[in-house]
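Per UniProt numbering, the very first residue in the sequence shown carries number 1; after that it's consecutive.
We put the beta carbon where it would ideally sit given N, CA and C, even for glycine.
All of these numbers come straight from a predicted model, not from anything done at the bench.
So the structure is just underneath, and the comments pick up after that.
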Amino acid sequence: MTKVAFLGLGVMGYPMAGHLKAKGHEVTVYNRNPAKAKAWVAQHGGASQPTPAEAAKGQEIVFACVGNDDDLRAVTLGEGGAFSGMEKGAIFVDHTTASAGVARELDEAATAAGFGFVDAPVSGGQAGAENGVLTVMCGGDPAVYARAEPVIASFARMCKLMGPAGSGQLTKMVNQICIAGLVQGLSEGVHFAKRAGLDVESMLEVISKGAAGSWQMENRGKTMNAGKFDFGFAVDWMRKDLGIVLEEARRNGAQLPVTALVDQFYAEVQKMGGRRWDTSSLIARLED
């Protein structure tokens with residue numbers, strides 16, 4: 001059993017914290033909206049605290065999963081932030097999808113304060129969090145990671161150290177680059193099949209067994225064809241992530257023409273009222 005805190009009980013953090021409790025860890029939670037923390041404690045047990053600092057006090061590992069760089073700085077370095085409550089030798093594990101720059105910034109602050117930091121963004125969406133099968137991409141010191149990894153395994157099916165601080169965030173950026181291109185290609189394929197008069201479900205069954213097959217095709221092809229876009233990861237979140245990707249590309253000189261184009265396609269979906277639709281809704285702009 002490890003004493004842990006979890007900061008941020010959104011669609012990802014709520015079930016992730018629940019898996020930690022179910023695996024026998026002693027869990028204290030914090031959420032910006034205290035009603036959510038109260039509901040989590042009522043469902044899972046454990047405890048809640050009114051500030052990140054109070055939640056972090058006395059914990060061996062403090063997890064966080066919040067919205068963006070600014071939210072992350074607020075719960076770590078802001079007034080009542082977790083870093084002010086953490087003890088030397090503890091570890092902060094950040095599951096937020098954020099910039100590599102903020103990961104390095106927080107790693108430096110943590111090191112100066114005498115505790116460890118791991119940037120650990122996740123892939124797998126809401127379903128992966130609820131089922132405890134997330135993929136976790138980590139950056140940080142190997143010795144710190146080795147201590148955190150068995151606890152992260154409470155909600156992960158794959159967890160790997162990718163390099164120093166920021167490497168987890170950079171790997172997550174690659175993940176989003178690949179997803180953006182795949183979803184656009186699948187959208188165009190399904191759209192083309194419908195216009196050509198093909199039986200879309202039969203088409204997907206056939207080509208999914210060949211080189212065109214992908215997780216997106218297996219899990220989203222039929223729902224895209226049906227115009228159903230309520231399967232988790234929202235367009236607003238994807239645009240936030242792609243904004244981080246494109247900013248990093250401007251910094252490192254990477255050329256991402258397809259990613260930049262798909263980002264604009266998602267902007268069109270937002271204008272159609274699809275801000276909370278899932279990422280497979282790219283097809284909607286083709287059929288509008």
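**Request:** Put residue 178 into one of helix, strand or coil per three-state DSSP.
**Result:** Taken through DSSP and simplified to helix, strand or coil, residue 178 comes out as helix.
**Asked** Just reading off the alpha helix (DSSP H) that residue 241 is part of, what are its end residues?
**Response** 235-252 is the span of the alpha helix (DSSP H), which, as asked, contains residue 241.
**Request:** Write down every uninterrupted run of the alpha helix (DSSP H) in the segment 41-128 whose length is 4 residues or greater and which is fully enclosed by it, in chain order.
**Result:** Whole alpha helix (DSSP H) segments, 4+ residues: 52-56, 69-76, 100-113.
**Message:** Within 8 Å, do at least three Cβ pairs link the segment 259-267 to the segment 199-212?
**Reply:** Touching, no.
**Request:** Using three-state DSSP, classify residue 192 as helix, strand or coil.
**Result:** Three-state DSSP puts residue 192 in a helix.
**Asked** With distances taken between CB atoms, is the gap from residue 99 to residue 169 smaller than 8 Å?
**Response** Yes, the Cβ-Cβ distance between residue 99 and residue 169 is below 8 Å.
**Message:** Taking the straight line between their C-alpha atoms, what separation do you get for residue 41 and residue 28?
**Reply:** C-alpha separation (whole angstroms): 9 Å.
**Request:** Note down, in chain order, each residue of its chain lying with its Cβ closer than 8 Å to the Cβ of residue 280, except the 5 sequence neighbours on either side.
**Result:** Exclusion of the five residues before and after residue 280 leaves 183, 186, 187, 216, 220, 223, 224, 229, 231 as the residues of its chain whose Cβ lies within less than 8 Å of its Cβ.
**Asked** In this structure, does DSSP put residue 13 in helix, strand or coil?
**Response** Annotated three-state conformation of residue 13 is helix, per DSSP.
**Prompt:** When you compare each of 206, 227, 173, 19 to residue 259 by their alpha carbons, which one comes out closest?
**Reply:** Comparing Cα-Cα distances from residue 259 to each of 206, 227, 173, 19, the minimum goes to 173.
**Message:** Do residue 177 and residue 245 have their beta-carbon atoms positioned less than 8 Å apart in this structure?
**Reply:** Taking 8 Å as the Cβ cut-off, residue 245 and residue 177 qualify as a contacting pair.
**Prompt:** If you drop the 5 nearest sequence neighbours on each side, which residues of the same chain put their C-beta closer than 7 Å to that of residue 175?
**Reply:** Cβ neighbours of residue 175 beyond the five flanking positions: 123.
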